[in-house]
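Trainee:
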Amino acid sequence: MTATTTAPHRPGGRVDFGRTVWVWRTGPLALRVDRRSVLVCAVLAAVTAVFGVLTLGSGSLPLTPAQVLSALFDPDADHRARLVVVNWRLPRLLFALVCGAALAISGAIFQSLTRNPLGSPDVIGFASGSYAGASVVMLLLGTADYLAVASGSLTGGAVTALLVYLLAYRGGLAPFRLIIVGIAVGAFLSSLTSMMLLSVSPQQAMLAATWGAGSLSGLGFAQLGPAAAVFAALLVCSGAVVRPLVHLEMGDDTAAALGVDAQRTRLLATVAGVALTALVTAAVGPIAFVALAAPQIAQRLTRSCTTLRIVPAALTGATLLVAADFVALRVDVPVGVVTVSVGGVYLAWLLARQYAGRRR
1 MTATTTAPHR
11 PGGRVDFGRT
21 VWVWRTGPLA
31 LRVDRRSVLV
41 CAVLAAVTAV
51 FGVLTLGSGS
61 LPLTPAQVLS
71 ALFDPDADHR
81 ARLVVVNWRL
91 PRLLFALVCG
101 AALAISGAIF
111 QSLTRNPLGS
121 PDVIGFASGS
131 YAGASVVMLL
141 LGTADYLAVA
151 SGSLTGGAVT
161 ALLVYLLAYR
171 GGLAPFRLII
181 VGIAVGAFLS
191 SLTSMMLLSV
201 SPQQAMLAAT
211 WGAGSLSGLG
221 FAQLGPAAAV
231 FAALLVCSGA
241 VVRPLVHLEM
251 GDDTAAALGV
261 DAQRTRLLAT
271 VAGVALTALV
281 TAAVGPIAFV
291 ALAAPQIAQR
301 LTRSCTTLRI
311 VPAALTGATL
321 LVAADFVALR
331 VDVPVGVVTV
341 SVGGVYLAWL
351 LARQYAGRRR
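Numbering (full-length UniProt numbering), first residue to last: 1 to 360.
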């Protein structure tokens with residue numbers, strides 16, 4: 001292993017990246033990682049683990065951290081504790097990790113795509129499309145089957161993305177136009193969902209509204225397996241568009257000079273981001289503001305010039321959702337209520353900061 005540092009002159013032809021990086025070389029292969037990003041990821045993983053243990057110990061049967069760890073790793077631990085921790089609570093925690101990471105990656109993609117910190121899927125309407133698709137299945141088709149609701153959510157997200165793309169495309173896909181059209185389409189779909197809720201029985205409306213609050217309750221390993229497999233596939237697809245998107249942040253002309261097809265990259269990035277959002281909405285309902293906040297927090301923690309640091313963003317999203325779920329368990333509300341409450345404050349701060357920056 002060799003390391004390059006921030007020295008102004010690097011003997012031996014080494015490149016000065018402006019910050020300390022670690023480089024691993026094995027034959028013709030080399031891996032370069034930023035030291036600060038590694039340390040941030042390690043701290044985030046530790047914080048997530050702490051909140052995870054606290055979450056596994058929360059509920060109608062409170063358990064101490066020692067009891068939780070014993071139930072997880074000791075086969076001879078108390079049978080009741082192992083049943084509660086491993087069979088009932090662990091799937092919820094794993095869902096929080098997967099969904100938080102998926103939302104953060106989706107937010108990072110759209111914020112890079114639009115070059116705007118407000119360009120997250122829940123702001124530009126794609127989450128509303130997934131919610132509308134799931135609502136059609138529950139309210140109009142009259143079924144709450146997990147696979148049916150998931151299919152409706154995925155279909156709604158895909159159709160919304162296609163509609164926004166077609167309406168925003170004018171000889172190219174301008175980031176600002178994508179945000180404006182997405183907000184308009186999202187508002188229309190939210191109104192459509194509200195109209196459906198008012199046109200059905202109170203029992204059906206309550207079922208859809210409860211699901212629409214975003215909750216990790218009632219999920220088990222049967223639902224976790226397919227969701228994790230889809231997330232792994234989408235993670236690979238998202239990784240493939242990271243480098244072209246970073247090039248696009250420097251402008252279309254620069255990206256074209258580097259061999260990047262701007263419109264094709266934007267289309268693939270949109271598909272990947274929408275699929276990640278729809279995956280989460282299909283599994284647990286709409287979870288707002290994680291996609292908005294996580295990439296920005298990760299960027300500030302790593303001091304990166306781009307939100308497209310996939311691993312730090314994913315770990316930040318997982319940490320935020322696991323922490324929010326811990327709070328939700330303590331106050332007995334759906335996790336989506338917690339993320340909306342905290343995220344609304346964050347959004348107001350972000351808008352105020354953007355406005356103050358423009359006035360300067």
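Beta carbons are placed, not taken as given, at the ideal position from N, Cα and C, and that holds for glycine.
From a predicted model like this one, the values you see are computed outputs, not experimental measurements.
Please state the DSSP three-state secondary structure of residue 4.
Mentor: Note that residue 4 has pLDDT 45, beneath the 50 cutoff, so the model's placement of it is unreliable and the number below is only indicative. Strand at residue 4.
Trainee: Under a Cβ-count criterion, where at least 16 other Cβ atoms within 10 Å of its own Cβ denotes burial, should residue 254 be classed as buried or exposed?
Mentor: Flag for residue 254 reads exposed.
Trainee: When you compare the stretch 259 to 269 with the stretch 303 to 315, are there three or more beta-carbon pairs, one atom per stretch, that lie closer than 8 angstroms?
Mentor: Short answer: they don't touch.
Trainee: Return the CA-CA distance between residue 247 and residue 190, expressed in angstroms with no decimal places.
Mentor: Each residue's Cα considered, the two are about 34 angstroms apart.
Trainee: Quick check on residue 6: buried or exposed, where buried means 16 or more other Cβ atoms within 10 Å of its Cβ?
Mentor: Bear in mind that a pLDDT of 44 at residue 6, under 50, signals an unreliable position, so the model cannot answer this.
Trainee: If you count every other CB in all the chains shown that lies within 10 Å of the CB of residue 56, and 16 or more means buried, which is it?
Mentor: Buried is the call here.
Trainee: For residue 130, does the count of other Cβ atoms within 10 angstroms reach 16, so buried, or fall short, so exposed?
Mentor: Buried, since its Cβ has 16 or more Cβ neighbours within 10 Å.
Trainee: Relative to the C-alpha of residue 145, which candidate in 181, 186, 193, 207 has its C-alpha closest?
Mentor: Comparing Cα positions, the closest option is 207.
Trainee: Using CA atoms only, rank isn't needed, just tell me which of 83, 60, 59 is closest to residue 70.
Mentor: Comparing Cα positions, the closest option is 83.
Trainee: With residue 128 and residue 107 assumed to form a contact (beta carbons below 8 angstroms), what rounded beta-carbon distance in angstroms separates them?
Mentor: Not really, about 15 angstroms apart at Cβ, beyond 8 angstroms.
Trainee: Can you look up residue 26 in the DSSP assignment and give me helix, strand or coil?
Mentor: Strand.
Trainee: Between which two residues does the alpha helix (DSSP H) carrying residue 243 extend?
Mentor: That run of the alpha helix (DSSP H) goes 221 to 248.
Trainee: Check whether the Cβ atoms of residue 50 and residue 72 sit closer than 9 angstroms, and answer yes or no.
Mentor: The answer is no: Cβ separation not under 9 angstroms.
Trainee: Note down, in chain order, each residue of its chain lying with its Cβ closer than 7 angstroms to the Cβ of residue 132, except the 5 sequence neighbours on either side.
Mentor: Contacts found: 156, 189, 192, 193.
Trainee: Where does residue 115 fall in DSSP's three states?
Mentor: Residue 115 falls in the coil class under three-state DSSP.
Trainee: Does the stretch 85 to 105 come close enough to the stretch 256 to 265 that 3 or more CB-CB pairs lie under 8 angstroms?
Mentor: Segments in contact, no.
Trainee: Cα-Cα, which of 298, 310, 209 is closest to residue 43?
Mentor: Looking at the Cα atoms, 298 is the closest of the given residues.
Trainee: On the criterion of 16 or more Cβ atoms from any shown chain inside 10 Å, does residue 399 qualify as buried, or is it exposed?
Mentor: Outside the displayed span of the chain (1 to 360) sits residue 399, for which this structure offers no information.
Trainee: What residue ranges within the stretch 21 to 109 form continuous alpha helix (DSSP H) runs of no fewer than 4 residues, ordered along the chain?
Mentor: Correct list: 35 to 56, 65 to 73, 79 to 82.
Trainee: Per DSSP, which residues does residue 346 bridge with? Please list them.
Mentor: DSSP lists no partner for residue 346.
Trainee: Between 125, 177, 279, which lies nearest to residue 115 when the distance is taken from Cα to Cα?
Mentor: Of 125, 177, 279, the residue nearest in Cα terms is 177.
Trainee: Could you check the C-alpha separation between residue 265 and residue 147 for me, to the nearest Å?
Mentor: When rounded, the distance between both Cα atoms is 30 angstroms.
Trainee: Short of 6 angstroms in beta carbon distance, which residues of its chain neighbour residue 186, apart from the five on each side in sequence? Order them along the chain.
Mentor: These residues qualify, in order along the chain: 125, 128.
Trainee: Could you check the C-alpha separation between residue 2 and residue 36 for me, to the nearest Å?
Mentor: Because the pLDDT of residue 2 is 46, which lies under 50, any placement of that residue in the model is unreliable, and the number read from its coordinates should be weighed accordingly. Residue 2 and residue 36: Cα-Cα distance of roughly 16 angstroms.
Trainee: Report all residues from its chain with a CB closer than 8 angstroms to the CB of residue 136; omit the five preceding and five following residues, and keep chain order.
Mentor: The residues are 152, 156, 196.
Trainee: Could you work out which residue in 289, 310, 348 is closest to residue 338 when comparing CA atoms only?
Mentor: Comparing Cα-Cα distances from residue 338 to each of 289, 310, 348, the minimum goes to 289.
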